[in-house]
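Written below as structure tokens is the structure these notes are about.
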Amino acid sequence: MDTSKIKNIIILILLSVNVFLCAVMISDRSQTRSARATAWDAAVAATEKAGISVSEDISGEIETPAVYSLRRGMDSERAWLERVLGSVSCDDLGGNIWFYSSEKGQASVRGTGECDILFNTESFDTGRDAEKTAVRLMKKLGLEPDEDSARISTGSSGVTVGLDCTWQGCRVYNAQMNFTFNEDYLMMISGTRIFDLSVQESHEGVMDELSVMMRFVEVVGEQGFVCSSLNAIEAGYVFSVAVSGEGTLNPVWHFTTDTGDVYINAVTGRMETVR
21 MDTSKIKNII
31 ILILLSVNVF
41 LCAVMISDRS
51 QTRSARATAW
61 DAAVAATEKA
71 GISVSEDISG
81 EIETPAVYSL
91 RRGMDSERAW
101 LERVLGSVSC
111 DDLGGNIWFY
121 SSEKGQASVR
131 GTGECDILFN
141 TESFDTGRDA
151 EKTAVRLMKK
161 LGLEPDEDSA
171 RISTGSSGVT
181 VGLDCTWQGC
191 RVYNAQMNFT
201 FNEDYLMMIS
211 GTRIFDLSVQ
221 ESHEGVMDEL
231 SVMMRFVEVV
241 GEQGFVCSSL
251 NAIEAGYVFS
261 VAVSGEGTLN
271 PVWHFTTDTG
281 DVYINAVTGR
291 METVR
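For the sequence shown, position 130 (counting from the first letter as 1) is numbered 150 according to the numbering used here, and the numbering increases by one without interruption.
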């Protein structure tokens, strides 16, 4: 048999193997989807048995985000501050608190992620839309805002726009930056800023949406939380700092009901208090 015929036979064999493997993969995915759909239907049935109707808009296909370990980056911290304050000098006040100052203003940043920036010049005007200005400034601070979370309040000191931080496209429910404007200019930025440096990512010990759904039913019963309908589910994060300068983003499921919001930690299974 000549070489060309042998090559053709080998190619045909390889094609046949690839077709077989693709068929197996498609079959496995189909079975997995079918199993997940069955499990989700069972979770919905258990929820409705507890007297809580589940909106048809909710699906069981939301991925639970991973746990992230974060660390404060001093170089990046100075860099994002200089985007809004210009060239700054910095001083270590102790206790992992750093003070920054420039001609435009001053800032204090703590090892918990809390920060306050005060402006002494008319550096940023409000423009026609305070919310859009706040979004633009938040991006200057190296953060990706959740624009849908914008909260606007008006008081004697001016207009304040609050925006939640996001990580990997998910809201961080307890990390918000607030931008306070007087009639024309930005006066202050304050809030909790998640750290810059991602040290580790892990899915170990994280409950999936089906497990958290069942935990939601248990928590509602245990806490005496009264509701009759579950209207939406969203995956997000809570930010915690156990050691100054080192933080953790733990995945949290946000359940929106007809009587209020419930947050379930996907690692501990406990109900979280947010804001």
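Glycine residues also receive a C-beta, built at the ideal position from the N, C-alpha and C atoms.
Residue i and residue j look like a contact to me (Cβ under 8 Å); what is the Cβ gap, rounded to whole Å?
| i | j | result |
| --- | --- | --- |
| Met197 | Leu230 | Between Leu230 and Met197 the Cβ distance is about 34 Å, and since that is not below 8 Å, they are no contact. |
| Gly175 | Asn202 | Going by Cβ atoms, the distance from Gly175 to Asn202 rounds to 11 Å, so no, they are not a contact pair. |
| Val294 | Val258 | 7 Å |
| Tyr193 | Phe144 | Actually they do not touch by this definition, with Cβ atoms about 27 Å apart. |
| Val272 | Ile284 | 7 Å |
| Arg92 | Phe215 | 5 Å |
| Met125 | Thr141 | Residue identity check: residue 125 is Gly in the sequence provided, not Met. That belief holds up - the Cβ atoms of Gly125 and Thr141 are roughly 7 Å apart, short of 8 Å. |
| Gly131 | Gly265 | 4 Å |
| Val232 | Met291 | Val232 to Met291, Cβ: 11 Å. No contact. |
DSSP on residue i, reduced to helix/strand/coil?
| i | result |
| --- | --- |
| Met227 | coil |
| Asp48 | Here the model assigns Asp48 a pLDDT of 49, short of 50, so the residue's position is not dependable and the matter cannot be decided. |
| Thr200 | strand |
| Asp112 | strand |
| Ala70 | coil |
| Glu292 | strand |
| Thr58 | helix |
| Ala170 | strand |
| Ser107 | coil |
| Gly86 | Rather than Gly, the amino acid found at residue 86 in this sequence is Ala. Looking at Ala86 - three-state DSSP - the assignment turns out to be coil, as it is neither helix nor strand. |
| Val155 | helix |
| Phe215 | coil |
| Val263 | strand |
| Ser210 | strand |
| Val374 | Nothing can be reported for residue 374, as the shown portion of the chain is limited to 21 through 295. |
| Ser96 | helix |
| Val282 | strand |
| Glu134 | strand |
Less than 8 Å separating the beta-carbons of residue i and residue j?
| i | j | result |
| --- | --- | --- |
| Leu217 | Leu101 | no |
| Gly189 | Arg235 | no |
| Cys135 | Arg213 | yes |
| Ser222 | Ala66 | no |
| Val104 | Lys160 | yes |
| Phe119 | Ser107 | no |
| Gly133 | Gly267 | yes |
| Ser169 | Thr180 | no |
| Ser75 | Leu250 | yes |
| Gly71 | Ser260 | no |
| Val117 | Met208 | Residue identity check: residue 117 is Ile in the sequence provided, not Val. Contact: no. |
| Arg191 | Gly182 | no |
| Ala154 | Met227 | no |
Taking all protein chains shown into account, do 16 or more other C-beta atoms lie within 10 angstroms of the C-beta of residue i, making it buried, or fewer, making it exposed?
| i | result |
| --- | --- |
| Thr52 | With a pLDDT of 46 at Thr52, under the threshold of 50, the modelled position of that residue is not reliable, and the figure given next carries that caveat. Exposed, since its Cβ has fewer than 16 Cβ neighbours within 10 Å. |
| Asp184 | buried |
| Glu83 | exposed |
| Glu97 | buried |
| Lys69 | exposed |
| Asp278 | exposed |
| Ala63 | buried |
| Val263 | exposed |
| Gly211 | buried |
| Ser79 | exposed |
| Thr186 | buried |
| Ala150 | buried |
| Ala99 | exposed |
| Thr58 | exposed |
| Val219 | exposed |
| Leu157 | buried |
| Ser47 | Because the pLDDT of Ser47 is 49, which lies under 50, any placement of that residue in the model is unreliable, and the question is left without a value. |
| Asp166 | buried |
Tell me, which residues are paired with residue i by DSSP?
| i | result |
| --- | --- |
| Tyr193 | BP columns for Tyr193 are empty, so no partner. |
| Asn270 | Val258 |
| Glu242 | BP columns for Glu242 are empty, so no partner. |
| Thr141 | Answer by DSSP bridge pairing: none, since Thr141 is not bridged. |
| Ser249 | Ser73 |
| Leu183 | Met197 |
| Phe119 | Asp111 and Ser128 |
| Gln17 | Beyond the ends of the chain as shown, which are 21 and 295, falls residue 17; an answer cannot be given. |
Spell out whether any CB of chain D is found under 8 Å from the CB atom of residue i.
| i | result |
| --- | --- |
| Thr293 | The structure shown contains no chain D; it holds only a single protein chain. |
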